[in-house]
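Trainee:
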């Protein structure tokens with residue numbers, strides 16, 4: 006029996022050794038098949054058309070969202086506050102920022118025409134990412150996507166067709182191939198698949214699925230046909246939120262399969278068209294729509310483009326299309342490894358917030374690479390910046406809007422200390438003995454307005470690290486979410502101006518009249534207990550209110566939470582005609598100024614100086 010057992014063990018060991026030896030062989034075979042698949046030749050004309058469409062849209066983007074038309078207001082004001090990702094990235098002084106835009110225009114024009122393609126892409130990518138990283142307040146998902154697409158196009162062979170480079174090469178070598186490797190298309194497909202799919206995963210969030218992220222959107226005129234059948238609340242919840250979740254989650258899969266691709270394309274075209282009408286998001290919907298042909302068969306797409314343009318392919322071009330030179334095996338393996346690494350990185354970054362905890366607050370991570378599009382919306386009610394000068398024993402308040410373009414900085418833990426440093430830089434005579442404290446109030450997705458920052462923290466000297474949470478950020482009061490359905494329903498059913506807010510035990514908030522056009526304002530306590538005191542010259546006794554009690558307030562007053570748990574209150578004021586008139590007067594009006602001529606004047610002065618130097622010589 007022992008001999009039989011030993012024989013079985015020997016046979017099993019040999020079988021295991023053969024299996025282990027075959028395992029690396031199977032991996033190598035799979036790798037070689039992947040490499041061979043990625044380097045199969047594809048028609049390159051579709052890629053060239055995508056390059057040209059993307060470049061045209063990016064020219065518009067450079068004028069608008071990248072800030073060329075507002076270069077003087079965005080980059081040339083000496084007291085302006087900037088929020089770079091890395092401190093060493095600084096805007097060029099004064100009008101020299103126009104050089105960055107000159108590089109951008111030169112690069113995107115070179116991409117469009119295919120002239121010195123690699124150099125043009127490098128110029129555009131470097132200047133784009135420089136402007137992008139120099140100010141985080143302008144970050145969003147689509148700006149991040151554009152930066153990725155610029156890099157992707159720069160490494161592809163999108164210039165082999167319909168470009169100045171291909172025309173020059175074919176004058177020299179008549180057998181220059183117009184085919185491109187399949188990975189050129191696959192890389193773009195992977196990027197857009199990740200964008201759609203991860204955006205859908207991010208919407209698998211209670212706030213989104215319950216309809217709290219983008220409330221009242223169902224009343225937009227885009228959804229007028231739906232409101233003939235459904236209520237605005239039904240449209241808001243089931244079509245906007247649930248429908249948006251389904252579209253994002255399954256669009257990538259729908260584009261990957263031939264039998265679902267036409268329907269998915271129609272749905273996405275309608276989806277992006279509606280987004281373009283509802284939101285101010287620049288070229289994002291148009292870029293997404295223009296890139297949809299990347300999922301189709303390149304040969305078929307190329308034929309459709311040629312038929313549409315009335316261009317036929319003559320017989321002399323057929324031998325040219327058959328010539329396709331593969332790179333060396335080493336280069337193929339390196340490119341395939343880079344593609345795999347890029348895909349893994351793009352899948353990891355949206356969920357990397359457990360590493361970069363310093364950027365986490367009410368929402369995790371920097372807004373942009375996370376693809377949490379429209380999931381988290383914060384309604385800011387108050388931003389108070391208090392500067393304390395210890396040497397002079399005085400304090401004063403700053404206008405938070407005077408040195409910035411928007412208030413995004415007030416919602417992120419990494420940008421609050423940067424703003425405090427900017428305040429100190431603009432006050433060099435006080436910076437040695439000063440503190441900067443902030444009181445920021447916001448409402449996340451229809452919740453109570455509450456503090457984002459500890460108002461006692463000195464943000465000028467506060468510790469911040471990208472690898473650890475910021476201790477002076479206040480936690481979100483999620484235990485009060487039970488009030489949210491009632492808050493939303495109450496706002497929908499009343500014509501009064503309502504402001505729901507909650508505060509932490511022992512903290513005091515000083516409020517001015519929140520509704521300046523109202524005839525009367527009432528403060529009612531919903532939960533907990535508060536002490537309300539009018540801020541008058543003769544002082545005044547505080548009035549204690551508990552749950553269910555209310556008092557009429559006028560002018561400046563302080564509200565202190567005196568209960569052991571957070572207090573919840575509401576300001577209620579009757580609407581006036583002035584409110585209605587102001588609302589109608591401001592609706593649909595674009596108040597942005599026209600395109601600035603700052604960079605044009607800089608170019609004129611530079612040309613004039615060059616001519617003067619030449620003639621002087």
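Residue numbers (the numbering used here): 6 to 622.
For glycine and all other residues, C-beta sits at the position ideal for the given N, C-alpha and C.
Here the structure is a predicted model, which is why all the values come from computation and not from measurement.
(1) Under 7 angstroms Cβ to Cβ from residue 101, same chain only, skipping five residues before and after it: list those, please.
(2) DSSP puts residue 454 in a beta bridge; with which residues?
(3) Taking the C-alpha atoms as reference points, what is the distance between residue 111 and residue 168?
(4) Please look up how many angstroms separate the CB atoms of residue 282 and residue 197, rounded, as I've assumed it's under 8 angstroms.
(5) List the whole-angstrom C-beta distance separating residue 445 from residue 458, where the pair is believed to meet the contact cut-off of C-beta under 8 angstroms.
(6) Does residue 467 come out as helix, strand or coil in the three-state DSSP assignment?
(7) Tell me whether the beta-carbon of residue 85 lies closer than 8 angstroms to the beta-carbon of residue 408.
(8) Report the partner residues of residue 444 according to the DSSP bridge assignment.
(9) For residue 507 versus residue 81, is the C-beta distance shorter than 8 angstroms?
(10) Following the continuous alpha helix (DSSP H) through residue 160, name the residue where it begins and the one where it ends.
(11) Using CA atoms only, rank isn't needed, just tell me which of 170, 91 and 97 is closest to residue 120.
(12) According to the neighbour-count rule (16 or more other Cβ atoms, all chains shown, within 10 Å of its Cβ), is residue 189 buried or exposed?
(13) Taking the CB atoms as reference points, tell me whether residue 480 and residue 569 lie closer together than 8 angstroms.
(14) Would you kindly work out how many angstroms separate the C-alpha atoms of residue 450 and residue 488, rounded to a whole number?
(15) Do residue 465 and residue 425 have their C-beta atoms within less than 8 angstroms of each other?
(16) Please return the same chain residues whose Cβ sits closer than 7 angstroms to the Cβ of residue 378, not counting the five positions on each side in sequence.
(17) With a cut-off of 8 angstroms on the beta carbons, I'd call residue 537 and residue 556 a contact; round off their distance for me.
(18) What number of angstroms, rounded off, separates the C-alpha of residue 265 from the C-alpha of residue 252?
(19) Compare the beta carbon distance of residue 401 and residue 573 with 8 angstroms and say whether it is the shorter of the two.
(20) Ignore the nearest five residues each way along the sequence and tell me which others in residue 64's own chain have a CB closer than 6 angstroms to its CB.
(21) Once the 5 residues before and after residue 495 are set aside, which same chain residues still bring their CB inside 8 angstroms of it?
(22) Measure the Cβ-Cβ separation of residue 563 and residue 540 and say whether it is below 8 angstroms.
(23) Below 8 angstroms on the Cβ atoms is my guess for residue 185 versus residue 49; work out the distance and round it to an integer in Å.
(24) Once the 5 residues before and after residue 305 are set aside, which same chain residues still bring their CB inside 7 angstroms of it?
(25) Expressed to the nearest angstrom, what Euclidean distance is found between the alpha-carbon atoms of residue 214 and residue 351?
(26) Inspect the beta-carbon positions of residue 364 and residue 418 and report whether they are closer than 8 angstroms.
(27) Name the residue from 348, 571, 354 and 31 whose alpha carbon lies nearest to the alpha carbon of residue 456.
(28) Using a 10 Å radius around the Cβ and a threshold of 16 neighbouring Cβ atoms, would you call residue 93 buried or exposed?
(29) For residue 529, which residues of its own chain have a beta-carbon under 7 angstroms away from its beta-carbon, when the five flanking residues on both sides are left out?
(30) How many angstroms separate the CA atom of residue 615 from the CA atom of residue 275?
(31) Looking at C-alpha atoms only, which residue of 132, 340 and 434 is the closest neighbour of residue 44?
(32) Helix, strand or coil for residue 122 per DSSP?
(33) Please state if the CB of residue 141 and the CB of residue 88 are separated by a distance shorter than 8 angstroms.
(34) Use the C-beta contact count for residue 367: other C-beta atoms within 10 angstroms, 16 or more gives buried, fewer gives exposed.
(35) Going by the DSSP bridge assignment, what does residue 577 pair with across the sheet?
(36) Secondary structure at residue 439, three-state DSSP: helix, strand or coil?
Mentor: According to the structure data:
(1) In the chain shown, residue 101 corresponds to position 96, counting from 1. Cβ within range, chain order: n/a, list empty.
(2) For the purposes of this step, residue 454 is taken as the residue at position 449 of the chain shown. 506, per the DSSP bridge assignment.
(3) Working through the chain shown from its first residue, we reach residue 111 at position 106. Working through the chain shown from its first residue, we reach residue 168 at position 163. Roughly 15 angstroms between the two C-alpha positions.
(4) Residue numbering aside, residue 282 sits at position 277 when the chain shown is read from its first letter. Residue numbering aside, residue 197 sits at position 192 when the chain shown is read from its first letter. With 8 angstroms as the limit, residue 282 and residue 197 do not qualify as a contact, their Cβ atoms being about 22 angstroms apart.
(5) Taking the first residue of the chain shown as position 1, residue 445 is located at position 440. Taking the first residue of the chain shown as position 1, residue 458 is located at position 453. Residue 445 to residue 458, Cβ: 5 angstroms. Contact.
(6) Stepping through the chain shown from its first residue, residue 467 is reached at position 462. Three-state DSSP puts residue 467 in coil, outside helix and strand.
(7) Locating residue 85 in the chain shown gives position 80, where the first residue counts as 1. Locating residue 408 in the chain shown gives position 403, where the first residue counts as 1. Cβ atoms of residue 85 and residue 408: closer than 8 angstroms.
(8) By 1-based counting over the chain shown, the position of residue 444 is 439. DSSP output for residue 444 lists 389 as bridge partner(s).
(9) Within the chain shown, numbered from 1, the residue matching residue 507 stands at position 502. Within the chain shown, numbered from 1, the residue matching residue 81 stands at position 76. The answer is no: Cβ separation not under 8 angstroms.
(10) Here residue 160 corresponds to residue number 155 of the chain shown, with the count starting at 1. Here the alpha helix (DSSP H) through residue 160 covers 146-160.
(11) As a first step, residue 120 must be located in the chain shown, where it is residue number 115. Of the listed residues, the one whose Cα sits closest to residue 120 is 170.
(12) Within the chain shown, residue 189 is the residue found at index 184, counting from 1. Buried, by the Cβ-count rule.
(13) Along the chain shown, read from residue 1 onward, the residue named residue 480 stands at position 475. Along the chain shown, read from residue 1 onward, the residue named residue 569 stands at position 564. Going by C-beta atoms, residue 480 is not nearer than 8 angstroms to residue 569.
(14) Locating residue 450 in the chain shown gives position 445, counting from the first residue. Locating residue 488 in the chain shown gives position 483, counting from the first residue. Near 13 angstroms, if we compare the C-alpha coordinates of residue 488 and residue 450.
(15) In the chain shown, counting from the first residue as 1, residue 465 sits at position 460. In the chain shown, counting from the first residue as 1, residue 425 sits at position 420. Yes. Within cutoff.
(16) As a first step, residue 378 must be located in the chain shown, where it is residue number 373. Hits under 7 angstroms: 146 and 204.
(17) Indexing the chain shown from 1 puts residue 537 at position 532. Indexing the chain shown from 1 puts residue 556 at position 551. The pair is a contact, with the Cβ atoms about 6 angstroms apart (cut-off 8 angstroms).
(18) Position 260 of the chain shown, counted from the first residue, corresponds to residue 265. Position 247 of the chain shown, counted from the first residue, corresponds to residue 252. About 13 angstroms.
(19) By 1-based counting over the chain shown, the position of residue 401 is 396. By 1-based counting over the chain shown, the position of residue 573 is 568. Taking 8 angstroms as the Cβ cut-off, residue 401 and residue 573 do not qualify as a contacting pair.
(20) Position 59 of the chain shown holds residue 64. For residue 64, where only same-chain residues beyond five positions count, the Cβ hits under 6 angstroms are 113.
(21) Position 490 of the chain shown, counting from 1, holds the residue named residue 495. For residue 495, where only same-chain residues beyond five positions count, the Cβ hits under 8 angstroms are 503.
(22) Your numbering for residue 563 matches position 558 in the chain shown. Your numbering for residue 540 matches position 535 in the chain shown. In this structure, residue 540 lies closer than 8 angstroms to residue 563 by Cβ.
(23) In the chain shown, counting from the first residue as 1, residue 185 sits at position 180. In the chain shown, counting from the first residue as 1, residue 49 sits at position 44. About 4 angstroms separates the two Cβ atoms, so the contact holds.
(24) On the chain shown, residue 305 is found 300 positions in, with the first residue counted as 1. No residues qualify anywhere along the chain.
(25) Position 209 of the chain shown, counted from the start, is the residue given in the question as residue 214. Position 346 of the chain shown, counted from the start, is the residue given in the question as residue 351. If you take the alpha carbons of residue 214 and residue 351, they lie about 25 angstroms apart.
(26) Here residue 364 refers to the residue found at position 359 when the chain shown is read from its first residue. Here residue 418 refers to the residue found at position 413 when the chain shown is read from its first residue. For residue 364 and residue 418, yes; Cβs fall inside 8 angstroms.
(27) Working through the chain shown from its first residue, we reach residue 456 at position 451. Closest option to residue 456, Cα to Cα, is 571.
(28) For the purposes of this step, residue 93 is taken as the residue at position 88 of the chain shown. Counting Cβ neighbours within 10 Å, residue 93 comes out exposed, since fewer than 16 surround it.
(29) Here residue 529 refers to the residue found at position 524 of the chain shown. Around residue 529: 555, 574, 575 and 577.
(30) For the purposes of this step, residue 615 is identified with residue 610 of the chain shown, where counting begins at 1. For the purposes of this step, residue 275 is identified with residue 270 of the chain shown, where counting begins at 1. Their backbone Cα atoms lie some 51 angstroms apart in a straight line.
(31) Position 39 of the chain shown, counted from the first residue, corresponds to residue 44. Of 132, 340 and 434, the residue nearest in Cα terms is 340.
(32) The count along the chain shown starts at 1 and reaches residue 122 at position 117. Helix.
(33) Mapped onto the chain shown, residue 88 falls at position 83. Mapped onto the chain shown, residue 141 falls at position 136. In contact: residue 88 and residue 141 (Cβ atoms closer than 8 angstroms).
(34) What you label residue 367 is simply residue 362 of the chain shown in a count that begins at 1. Under this definition residue 367 is a buried residue.
(35) The residue given as residue 577 occupies position 572 in the chain shown. Its beta-bridge partners are 503 and 527.
(36) For the purposes of this step, residue 439 is taken as the residue at position 434 of the chain shown. Note: residue 439 maps to strand in three-state DSSP.
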